[in-house]
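Residue numbers (this note's numbering), protein chains in the order written: chain A, 1 to 296; chain B, 297 to 592.
So, in structure tokens, the structure goes:
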């Protein structure tokens with residue numbers, strides 16, 4: 001399979017499974033509708049794709065996508081919940097997400113709050129076996145990685161630093177810490193979970209972690225660049241919001257050129273982490289390059 | 297140990313362990329401070345106490361409180377997160393909780409949002425072994441019970457019905473469904489988790505479930521009664537809020553006298569569920585009676 005076919009295969013499988021899970025909710029209401037809206041509104045599905053790709057690469061012939069999909073979907077649910085809560089008026093107050101009204105704009109704040117809570121919770125319900133499609137051992141391992149990445153020592157901790165840094169010039173070091181937690185932790189978790197599910201050794205899991213760290217950081221640098229250089233049409237949300245919100249970004253701290261150089265260097269470093277896997281890593285290498293080149 | 301000594305023993309053990317867990321957070325910030333504030337602001341600790349008491353009763357001589365405490369604390373964290381999010385301006389907009397400023401009044405909405413998210417997440421981190429004090433088998437079982445009770449087919453589903461019922465006269469049947477999910481599910485989960493941890497048989501777990509169902513419903517009926525008959529001083533929050541919010545309650549639908557009779561009957565039915573355990577159930581019987589008599 002070439003890169004685009006494989007990317008399509010992974011992301012469609014994730015989307016179908018996400019839909020199945022939402023359909024499996026018994027208490028249908030505005031909350032489950034809002035959960036579905038935000039989950040299915042699109043997005044690049046990078047995190048679940050990373051988990052599937054690492055599992056695929058390390059499993060080889062024995063790769064069974066159904067074994068990895070519950071965890072890939074749990075990762076995407078937690079990512080989506082964080083976007084819903086981040087967009088709320090008391091946080092970033094964003095009216096748009098992926099070119100469509102953000103969850104609270106569409107359903108109201110109270111339902112967006114509960115939809116976020118519901119998705120975070122549903123991710124863990126899946127890992128604890130709500131739908132009977134997981135096994136205990138990988139669930140305990142992957143649940144530990146995921147919950148730690150999404151928690152107060154991970155993503156939520158990063159959001160806390162983000163709030164405290166508003167309207168403030170912060171140092172490059174502080175910005176890196178913020179992004180490592182807010183964006184990096186979940187991307188790293190996705191790579192590690194894929195490696196665990198693929199039966200990877202300790203050194204495979206460490207390679208996955210390091211690859212995730214590099215592309216996670218690169219992802220954020222590119223985000224900052226796009227907020228400066230892209231357009232509403234391409235990005236699906238207003239550009240220039242970092243500057244108008246007085247946010248410190250890699251672009252504001254390094255300048256556009258140096259930020260671009262940093263993104264290039266991080267991608268090279270990421271590629272080095274998966275070099276040991278030779279052509280088996282072709283998909284992940286291509287993905288890293290695509291994430292660098294992306295326009296949205 | 298008499299009832300009050302045992303209640304004190306259980307609740308102090310929970311509070312100490314909750315404090316340990318909060319101290320175990322690496323990323324100290326306003327968010328972790330807000331998590332601690334809401335967790336330690338007091339409260340009756342009924343849910344964790346129920347879990348400990350069921351485990352104690354069924355384990356007999358072999359009861360080891362440290363085995364059950366992580367799960368008891370996870371239950372209390374999820375309960376606390378739900379109160380924080382429920383108090384937010386877009387939900388019930390409550391300025392007080394247990395006689396003190398609610399979390400968002402004290403720390404601001406954005407930090408209260410993240411503190412709630414952080415507590416929900418931390419509960420699952422604990423069950424997945426963040427602090428190394430749990431075992432895989434009980435964690436998978438108790439995690440499944442807990443996450444299902446707190447999710448969109450449990451507590452969050454109940455909150456959704458609650459929102460949809462605002463300013464509306466709803467039927468007694470609908471009110472029961474709402475409360476079964478919003479309040480009942482987590483109380484039932486606490487009892488079932490205690491029974492599982494105590495090595496209970498299927499029939500013990502079913503007794504625990506039924507006991508939880510009865511006292512959970514009774515708890516809500518008494519809440520509705522107190523909102524009518526108590527005072528700010530006793531309750532730690534304004535009374536009459538149900539009436540001023542036009543909420544359907546057991547008191548508004550049945551009248552005060554019939555609501556009191558219902559609470560009595562439910563307590564009797566709860567006591568019948570634990571009769572098979574004889575004097576070993578003394579603590580739980582007394583607890584059920586105390587919950588009926590409570591003034592706050």
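Yeah, the Cβ is synthetic: ideal placement off N, Cα and C, and Gly gets one too. Values in this document were obtained by computation on a predicted structure and should not be read as measured data.
Put simply, the stretch 155-175 of chain A does not touch the stretch 125-138 of chain A. Fewer than three CB pairs are less than 8 angstroms apart. For the stretch 139-152 of chain A, the set of positions with a beta-carbon nearer than 7 angstroms to some beta-carbon of chain B reads 139, 140, 143, 144, 147, 148, 150, 151 and 152 in chain order. Counting only residues of its own chain and dropping the five nearest sequence neighbours on each side, residue 487 of chain B has a CB closer than 6 angstroms to the CB of 346, 350, 504, 507 and 508. Within chain B, 327, 410, 413, 414 and 417 have C-beta atoms less than 7 angstroms from the C-beta of residue 156 of chain A, given in sequence order. When DSSP states are grouped into helix, strand and coil, residue 247 of chain A belongs to the coil group.
A distance below 7 angstroms between beta-carbons, with the five flanking residues on each side excluded, links residue 370 of chain B to the following residues of its chain, in chain order: 419, 422, 423 and 442.
Distance from the CA atom of residue 405 of chain B to the CA atom of residue 411 of chain B, rounded to whole angstroms, is 10 angstroms.
Residues 36 of the same chain have their beta carbon placed closer than 6 angstroms to that of residue 22 of chain A, with the five preceding and five following residues left out of the count. Assigned with DSSP and collapsed to three states, residue 101 of chain A falls in strand.
In this structure, residue 395 of chain B lies near residue 533 of chain B, with their beta-carbon atoms less than 9 angstroms apart.
Boundaries of the alpha helix (DSSP H) harbouring residue 432 of chain B: 432-446, taken from the DSSP string. Rounded to the nearest whole angstrom, the CA to CA distance from residue 178 of chain A to residue 478 of chain B is 35 angstroms. Taking a beta-carbon distance threshold of 9 angstroms, residue 482 of chain B does not count as an interface residue toward chain A.
Per DSSP, residue 572 of chain B lies in no alpha helix (DSSP H) and is assigned neither H nor E. Proximity of residue 309 of chain B to chain A, defined by a Cβ-Cβ separation below 9 angstroms, is not satisfied. Contact check for residue 69 of chain A and residue 17 of chain A: beta-carbon distance about 5 angstroms, within the 8 angstroms limit, so the pair qualifies. Take the alpha-carbon of residue 48 of chain A and the one of residue 498 of chain B: they are about 37 angstroms apart. Between residue 30 of chain A and residue 456 of chain B the beta-carbon gap is near 6 angstroms, inside 8 angstroms, which marks them as a contact.
Minimum Cα-Cα distance from residue 335 of chain B among the listed residues B:529, B:320, B:352 and B:315 corresponds to B:315. Contact with chain B is found for residue 124 of chain A, since one of that chain's Cβ atoms lies less than 9 angstroms from the residue's Cβ. Per DSSP, the unbroken alpha helix (DSSP H) holding residue 116 of chain A starts and ends at 109-127. Taking a beta-carbon distance threshold of 9 angstroms, residue 424 of chain B counts as an interface residue toward chain A.
Near chain B, meaning a CB-to-CB distance below 9 angstroms, the residues of the stretch 86-98 of chain A are 88, 89, 90 and 91. Residue 309 of chain B and residue 341 of chain B have their C-alpha atoms spaced approximately 11 angstroms apart.
Identification of chain B residues near residue 159 of chain A by a Cβ-Cβ cut-off of 7 angstroms yields 410, ordered along the chain. Following the DSSP letters along the chain, one finds residue 48 of chain A inside the alpha helix (DSSP H) bounded by residues 46-59.
Residue range 202-229 is occupied by the alpha helix (DSSP H) that includes residue 219 of chain A.
For residue 590 of chain B, there is no enclosing alpha helix (DSSP H), since its DSSP letter is neither H nor E. For residue 215 of chain A, the closest of A:255, A:287 and A:152 by C-alpha to C-alpha distance is A:287. Excluding its 5 nearest sequence neighbours in each direction, residue 155 of chain A has C-beta neighbours in its own chain below 7 angstroms: 82, 149, 181, 182, 185 and 186, listed in chain order. By the neighbour-count criterion, in which a residue is buried when 16 or more other Cβ atoms sit within 10 angstroms of its Cβ, residue 4 of chain A is exposed. For residue 428 of chain B, same chain residues with a beta-carbon under 8 angstroms away, outside a window of 5 residues either side, do not exist. Scanning its chain for C-beta atoms nearer than 8 angstroms, with the 5 sequence neighbours on each side dropped, one finds around residue 577 of chain B the residues 353, 570 and 571, in chain order. With fewer than 16 other beta carbons inside 10 angstroms of its own, residue 272 of chain A counts as exposed.
For residue 25 of chain A, the C-beta contacts it makes with chain B under 8 angstroms involve 448 and 449, in order along the chain. Per the C-alpha coordinates, the member of B:409, B:415 and B:549 positioned closest to residue 470 of chain B is B:549.
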